[in-house]
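J.:
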Amino acid sequence: MKNFLEKLRAWVKAPSFPTKLATLIVIVALIVVNVTVYALDTAFGLYIYTPDTEDLTVSGRTDSMFSDAIKLGKEVSVIFCMPEDELSVHSTGSYVYKTAKQLAERYPDLIKLDFWNIITKRDADGNRVEVYKEDMRGNEIAVRQNSVIFRCGDNYRVVTDSYSTAGFAPFFTLDSSSSITSYNGEEVLSSMIAWVLTNEHKTAYFTTYHGEATDISLTNLLACAGYYVDTVDLRTENVPEDAAALFIMNPTADFERAAEGSGIVSEMERIRLFAASGGDIYVSLDPYAKRLPALEAFIAERGIALATTERDGVTYRNIVKDPDNAITTDGFTIRADIADGELASRILSRYSETGSGDVIVSSTAALTLSGGAVPVLVSTRSAETVAGGVTVSREGNYTVAAMSALETDGGTSNLFVTPSIYLTASDALISSGYSNKDFAYSLLAEFSGNDNMPYGIKPVLYNKSTLQNLTMSTARAYTAAILAVPALLAIIGVAVTVRRKNR
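So the mapping is simple: this note's numbering equals the position in the sequence shown, first residue as 1, plus 34.
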């Protein structure tokens with residue numbers, strides 16, 4: 035014990051002690067701050083979010099969505115399930131409340147706000163209310179204090195937070211740890227109002243049991259586009275009759291196919307039957323995953339294939355890289371342009387007044403097209419392709435998303451293919467500099483024929499340092515800033531040490 039105390043005194047009296055102490059204090063402070071923020075965020079999720087008041091001003095992009103309904107004299111009730119005085123001070127519900135009030139003030143003949151006390155089951159005037167127990171398809175639902183009910187005549191839609199303890203999560207974008215990345219109140223409120231103004235609603239189905247990975251932001255976007263969203267297990271059932279679109283999102287295992295002439299209805303046969311009925315199909319593939327021969331053969335029949343290169347008996351996919359104009363420093367997160375052609379121009383025209391048209395794709399492969407398949411998104415001219423780590427081509431303008439239309443007895447079947455899992459990911463959809471969300475809405479309008487989409491309604495970003503800011507130059511600046519912190523601490527430490535020696 036005596037030796038330990040002597041060593042401790044010697045360490046404290048050493049010239050380097052102030053530098054070590056200062057460094058230790060900084061490290062401990064950083065740890066404490068990070069742990070505290072993480073604990074608060076984990077416990078309370080949405081409560082940390084505080085958008086600026088000016089960010090909550092509605093954009094007016096919804097005028098075209100509601101113009102016909104206003105002319106027809108329709109009225110929509112937006113019902114919050116807690117008293118107005120409680121809602122107005124709620125940590126997250128207050129933002130939804132403010133946006134709803136602004137929409138009601140902008141469209142006074144269309145939108146009426148109401149406030150129920152779901153505990154007492156009475157409205158603001160004290161009248162008894164009948165709480166919905168199922169949705170319009172007969173599925174059981176639970177209406178809670180954080181629910182918002184949209185109603186027009188016999189049509190209704192209940193939006194309830196089932197993701198977080200804070201409430202009103204459907205009006206925000208959350209990451210995997212339930213932290214907010216953006217507030218989407220105007221988009222969701224407007225879309226749900228438009229939803230109940232329409233009598234017919236299509237259903238989008240996601241395939242399952244092939245390792246598919248679907249971002250919650252895409253399912254929310256489909257709901258805002260007017261779809262019901264459900265899943266289908268093609269191993270045991272056909273695509274349901276109410277399906278309008280089938281989404282195959284980033285599968286890692288192939289779909290079953292039966293031998294020709296066997297008469298067995300396999301998964302691939304069920305996909306073909308759906309296409310033959312005029313159903314639309316969205317396929318997103320991970321170019322780094324193993325090949326999926328059955329699924330890739332199906333899209334190849336429609337004129338779309340992933341470009342590949344053979345080298346030393348190994349087949350590599352041609353990955354698109356943009357050394358000069360990439361968004362991130364590795365060169366594989368790129369800006370894609372709308373392609374030339376009638377289809378791509380039609381998609382762009384729907385939102386060209388509200389967005390740039392450019393979208394973000396990451397870790398994408400090049401596509402080769404044949405038959406009637408046409409490009410929808412292309413890389414810039416400065417892009418190149420890499421296969422197995424070796425540059426294959428520097429031609430640029432590679433197709434990174436394509437569409438094929440097939441005329442069937444059941445109507446037109448659209449097949450959209452993107453060899454990237456990133457096009458509809460949260461941080462691509464939620465950005466201020468790119469138009470992934472508007473592009474997705476316009477693509478769905480091409481699928482459904484419903485063009486009443488919330489184009490141009492920008493999210494209120496929680497984190498201003500989103501992906502679109504991470505250009506190569508700014509990434510280098512961020513790196514320099516990060517390195518400056520320990521460098522500054524080292525300089526201070528040296529200065530303190532020298533000063534003590536000179537005393």
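All C-beta atoms in this analysis are idealised placements derived from N, C-alpha and C, irrespective of residue type, glycine included.
Give, in chain order, every unbroken run of the alpha helix (DSSP H) that is at least 4 residues long and sits entirely within the segment 424-482.
T.: Runs of the alpha helix (DSSP H) inside the segment 424-482: 460-463, 470-482.
J.: Between ASP472 and the rest of its own chain, which residues show a CB-CB distance below 7 Å, the 5 nearest in sequence each way excluded?
T.: Around ASP472: TYR385, THR388, GLY389, TYR489, GLY490.
J.: Apart from the five residues on each side of it in sequence, which residues of its chain come closer than 6 Å, Cβ to Cβ, to SER404?
T.: So the qualifying residues of the chain are GLY337.
J.: Check ASN254 in the structure and name its three-state DSSP category.
T.: ASN254 falls in the helix class under three-state DSSP.
J.: Short of 8 Å in beta carbon distance, which residues of its chain neighbour ASN470, apart from the five on each side in sequence? Order them along the chain.
T.: Counting only Cβ-Cβ distances below 8 Å, and skipping sequence neighbours, we find VAL393, ILE394, LEU457, THR458, ALA462, LEU463.
J.: Spell out a yes or no on whether the segment 172-179 and the segment 134-148 are touching, meaning 3 or more CB-CB pairs, one atom from each, closer than 8 Å.
T.: With the cut-off at 8 Å, the segment 172-179 and the segment 134-148 do not touch.
J.: So which of ALA479, PHE205, VAL123, VAL299 has the shortest CA-CA distance to GLU271?
T.: Out of ALA479, PHE205, VAL123, VAL299, VAL299 has the C-alpha closest to the C-alpha of GLU271.
J.: Counting along the chain, where does the beta strand (DSSP E) carrying TYR239 start and finish?
T.: Taken as a continuous stretch (DSSP letters only), the beta strand (DSSP E) holding TYR239 covers 237-241.
J.: Alpha carbon to alpha carbon, how far is VAL165 from ILE214?
T.: Those two C-alpha atoms are separated by around 30 Å.
J.: How about the segment 257-271 and the segment 474-488: do they share at least three Cβ pairs that are nearer than 8 Å?
T.: They touch, by the three-pair rule.
J.: What does a CB cutoff of less than 7 Å around GLY427 pick up in its chain, not counting 5 residues either side in sequence?
T.: The sequence shown places Ser at residue 427, not Gly. Cβ neighbours of SER427 beyond the five flanking positions: GLU418, THR419.
J.: Could you give the first and the last residue of the continuous alpha helix (DSSP H) run that contains ALA309?
T.: Counting along the chain, the alpha helix (DSSP H) containing ALA309 begins and ends at 301-310.
J.: With respect to the beta strand (DSSP E) encompassing VAL395, which residues constitute its N-terminal and C-terminal limits?
T.: It spans 393-396 - the beta strand (DSSP E) in which VAL395 sits, taken as one unbroken run.
J.: Quick check: what's the CA-CA separation for ALA292 versus GLU303?
T.: Cα to Cα, ALA292 sits roughly 8 Å from GLU303.
J.: With TYR129 as the anchor, note down where its alpha helix (DSSP H) starts and where it stops.
T.: From DSSP, the alpha helix (DSSP H) with TYR129 extends over 127-140.
J.: How many Å lie between GLY313 and HIS235 at the Cα?
T.: Spanning the two alpha carbons is a distance of roughly 15 Å.
J.: Exposed or buried, which one is VAL424 when buried takes at least 16 other CB atoms within 10 Å?
T.: Result: exposed.
J.: Near ASP371, which residues of its chain fall below 6 Å by C-beta distance, leaving aside the five closest residues on each side in sequence?
T.: Here the set comprises VAL412.
J.: Provide the residue span of the alpha helix (DSSP H) that contains ASP485, from first to last.
T.: Note, ASP485: premise wrong, no alpha helix (DSSP H); not H, not E.
J.: Pull the bridge partners of THR96 from the DSSP assignment, please.
T.: Partner(s): none; THR96 has no beta bridge.
J.: Rounded to whole angstroms, how far is the Cβ of ILE353 from the Cβ of PHE332, which I believe are closer than 8 Å?
T.: The pair is not a contact, with the Cβ atoms about 22 Å apart (cut-off 8 Å).
J.: Just list the residues that DSSP pairs MET283 with in beta bridges.
T.: Per DSSP, SER318.
J.: Closer than 6 Å by C-beta to THR286: which residues in its own chain qualify, once you throw out the five before and the five after it? Chain order, please.
T.: GLY245, ALA323, listed in sequence order.
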